[in-house]
Amino acid sequence: MLLRFIDAKLPQPPLVMKESDGFGETTPWVVRAVLLQHRSMRWHLERMVRWGDDLVTRGGRRNGDPAMGTPRMEIRKFSKSYSQLLEFMLEHAQMEERVVFPILEMADRGLCRAANEEHARDLPIMNGIKEDIKSIGVLDTGSPNYQDALCNLSTRLKSLMEHCKEHFEEEERDVLPLMEAVELSKEQQLRVLEQCFDLMQGTNSHLFNFLIEGLLPWEAMHYLDLILRCKDEEKAASMLCRIIE
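In full-length UniProt numbering, the protein residues as written are 1 to 245.
Next up, the structure:
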């Protein structure tokens, strides 16, 4: 209600999601959380791909930004950013497998088989990229092997991004809308949402700012609104405090 009041008084930029954005009046809360997490992960994947392309273009030369330091220092920053994204994505997949999918499977067995299989398919790629980054960190910057490794890393990142985008689109088109047909009560929706947040311990603690960074301002407001619905006020307050730390 508060977001709608603010949106009516200050319509630009909008704070209330429209049905065309995947947020209808009856969209279950956990589906909203999943959709917003998808959007954040897309943003971070696209950012890592652009960063990887830039590394390839420069081939071991500094990018001119003092905050990035030397090429070896930049690779460490790249590694840290990818590790954060990897933890976020793994927790998200676990949450879907342990909270969202079982609800849908109880209604129609086998409904989420393809989505589960896609999670397993992408895991080796995700872990392989982490190992690639580690290998680059010990190579001589500017050497032919270093350049080849950067090219391979860039290719694998693009492949992961395309796989993930396709997976998110399939879930959002074929799976998540069916949660509405399960007809959870408001109390049940709240319990499911809290289970979602409980399972994503890292994402909703030390990675919380990372998640929010990948959202547009009005998307971030909606994610915060979902957190404020939780009964555990202490836990909600802890997550919100991360923003101002």
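From the three backbone atoms N, C-alpha and C, an ideal C-beta is built for every residue, glycine too. All values derive from a computational prediction rather than experimental measurement.
Could you tell me the alpha carbon to alpha carbon distance between residue i and residue j, rounded to whole angstroms?
i	j	result
T53	S154	What sits at residue 53 in the sequence shown is Asp, not Thr. Whole-angstrom Cα-Cα distance: 6 Å.
C241	L211	14 Å
E170	T27	17 Å
L184	G24	15 Å
G137	G69	14 Å
V56	C151	6 Å
N145	I133	13 Å
D148	N204	37 Å
V34	M73	34 Å
Q195	D122	24 Å
A236	L160	32 Å
N127	H222	31 Å
E118	K165	12 Å
R173	M239	30 Å
State the CB to CB distance for the pair residue i and residue j, rounded to an integer number of angstroms; the pair is presumed to be in contact (CB under 8 Å).
i	j	result
G202	R39	Rounded, the Cβ-Cβ distance is 19 Å, inconsistent with contact.
L36	E219	6 Å
V175	L104	7 Å
On the CB-based measure, 16 or more other CB atoms within 10 Å of its CB, does residue i come out buried or exposed?
i	result
R32	buried
A120	exposed
L228	exposed
H206	exposed
A67	exposed
- Item | At least 3 beta-carbon pairs within less than 8 Å: the region 214-226 vs the region 32-49 | Here the region 214-226 makes contact with the region 32-49; the two share three or more CB pairs at distances below 8 Å.
- Message: Any contact between the region 141-156 and the region 102-119? By contact I mean 3 or more CB pairs, one from each, below 8 Å.
- Response: In this structure the region 141-156 does not lie against the region 102-119, because fewer than three pairs of beta carbons, one per stretch, are closer than 8 Å.
- Task: Go through the UniProt domain "Hemerythrin-like" (32-178) residue by residue and report every complete run of the beta strand (DSSP E) that reaches 3 residues or more, in order.
- Result: Correct list: empty.
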